[in-house]
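Participant: What follows is a structure written as structure tokens; I'll ask about it next.
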Amino acid sequence: MVNSRRNIFSGPEQSIEPCTVVHVDDHSLIRAGIDRLLESVPGVQMVGSFGGTDFLKELKDLKCDIVLMDLSMSDVDGIRLLEILAADRPDIKPIVLTMYLDREYIRAAVGKGARGYILKDDLLDTVVEAIRRVHSGEKYYSTSVQEAMIGEFETRHNRGHSLHLLSQREQEILRMIAKGMKNREVAAELILSVRTVEHHRSRIMHKLKIDGVQGLTRYAVENGLI
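In our numbering, the protein residues as written are 672 to 897.
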């Protein structure tokens, strides 16, 4: 849960512009604990605390600047909730507050309109800074989230540069594998033996440092092979 230790917003000069916040999480005890901490922050007014389903029921008439929301909830999918907010209430700025430091989650949330992404084990200061920055029109990602995003960028960058390691034949085979073709189907298409295709496939995975068809497919998509 959010750590209540404070090291940034410790004086009167650290108060933020008044904003109204709604908290959405399917765990009522977690909501209550975080809400209690945020209510002590000058400028933050908590105007609602809901599970996902109840939030959707209230969404049409809800008046708030920020929604602080979990992604993984038992009653509502967080990514779907972001889509609904973007379509029906673009005036509300969503900040994801979750326990998941997962690149797939981060990418999906940001792609669906999350203005901030922070973790439940971040300091209270981080949560308040996210609210302040997003309320002022910026985006905010906590340090650990930024590192995860940078790590993904570096991985994609390095993989992109590794494409030149593959011969034209290997790229052709990779493209077919990514399209879901089996080794025997690739062999028949290219008039090769199945054993030769298996050898090429093994070399491709070794060169790219990727294991499994799923990883090869993702690489092919990211690098424009299919």
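Backbone N, C-alpha and C fix where the C-beta goes; we use that ideal spot for every residue, glycine too.
Identify the continuous alpha helix (DSSP H) that holds residue 871 and give its terminal residues.
Facilitator: Residues 865-879.
Participant: Could you spell out the range, first to last residue, of the beta strand (DSSP E) harbouring residue 764?
Facilitator: Counting along the chain, the beta strand (DSSP E) containing residue 764 begins and ends at 764-769.
Participant: Tell me which same chain residues have a C-beta within less than 8 Å of the C-beta of residue 806, skipping the five on either side of it?
Facilitator: 687, 688, 690, 736, 737 and 764.
Participant: So for residue 719, helix, strand or coil by DSSP?
Facilitator: Residue state, collapsed to three classes: strand.
Participant: So, helix, strand or coil for residue 892, using DSSP?
Facilitator: In this structure, residue 892 counts as helix in the three-state DSSP scheme.
Participant: Between the C-alpha atoms of residue 890 and residue 698, what's the straight-line distance to the nearest angstrom?
Facilitator: Looking at the two C-alpha atoms, the distance is approximately 37 Å.
Participant: At the 8 Å Cβ level, is residue 764 part of the contact set with chain B, yes or no?
Facilitator: Within the model displayed, chain B is absent; a lone protein chain is all it includes.
Participant: In whole angstroms, what is the alpha-carbon distance linking residue 680 and residue 719?
Facilitator: In this prediction, residue 680 has a pLDDT of 37, which is less than 50 and means its spatial position is unreliable; nothing more can be read from the coordinates.
Participant: Taking DSSP as the reference, what is the three-state secondary structure of residue 737?
Facilitator: In the structure shown, residue 737 sits in a strand (DSSP, three-state: E or B).
Participant: Do you know how far the Cα of residue 859 is from the Cα of residue 866?
Facilitator: Taking the straight line joining both Cα atoms gives about 12 Å.
Participant: Compute the Euclidean distance between the alpha carbons of residue 895 and residue 795, then round it to the nearest angstrom.
Facilitator: Straight-line Cα distance between these residues: approximately 42 Å.
Participant: How many Å lie between residue 844 and residue 862 at the Cα?
Facilitator: Looking at the two C-alpha atoms, the distance is approximately 12 Å.
Participant: Between the alpha carbons of residue 798 and residue 815, how many angstroms are there, rounded?
Facilitator: Distance between the alpha carbons of residue 798 and residue 815: 13 Å.
Participant: Are residue 897 and residue 837 closer than 8 Å when you measure CB to CB?
Facilitator: No, these two residues do not count as a Cβ contact at 8 Å.
Participant: Mind checking residue 884: buried by the 16 CB within 10 Å criterion, or exposed?
Facilitator: Per the 10 Å Cβ criterion, exposed.
Participant: For my contact list, residue 899 and residue 755 are in at a C-beta cut-off of 8 Å; report their separation, rounded to the angstrom.
Facilitator: In this structure the chain extends from 672 to 897, so residue 899 is not present and cannot be described.
Participant: On the premise that residue 726 lies in contact with residue 692, defined as a C-beta separation below 8 Å, what is that separation, rounded to the nearest angstrom?
Facilitator: Between residue 726 and residue 692 the Cβ distance is about 13 Å, and since that is not below 8 Å, they are no contact.
Participant: Quick one: residues in its chain with C-beta nearer than 7 Å to the C-beta of residue 724, no 5 flanking neighbours on either side, listed in chain order?
Facilitator: Excluding positions up to five away in sequence, the list reads 746 and 747.
Participant: Exposed or buried, which one is residue 678 when buried takes at least 16 other CB atoms within 10 Å?
Facilitator: Bear in mind that the predicted position of residue 678 carries a pLDDT of just 39, short of 50, making it unreliable; the figure below should be weighed with that in mind. The residue in question, residue 678, is exposed, as its Cβ has fewer than 16 Cβ neighbours within 10 Å.
Participant: Please report how far the alpha carbon of residue 742 lies from the alpha carbon of residue 882, in whole angstroms.
Facilitator: Taking the straight line from one Cα to the other gives about 29 Å.
Participant: Taking 8 Å as the cut-off, decide whether the C-beta atoms of residue 768 and residue 740 are in contact.
Facilitator: Yes.
Participant: How big is the Cα-Cα spacing for residue 849 and residue 703?
Facilitator: Distance between the alpha carbons of residue 849 and residue 703 is about 47 Å.
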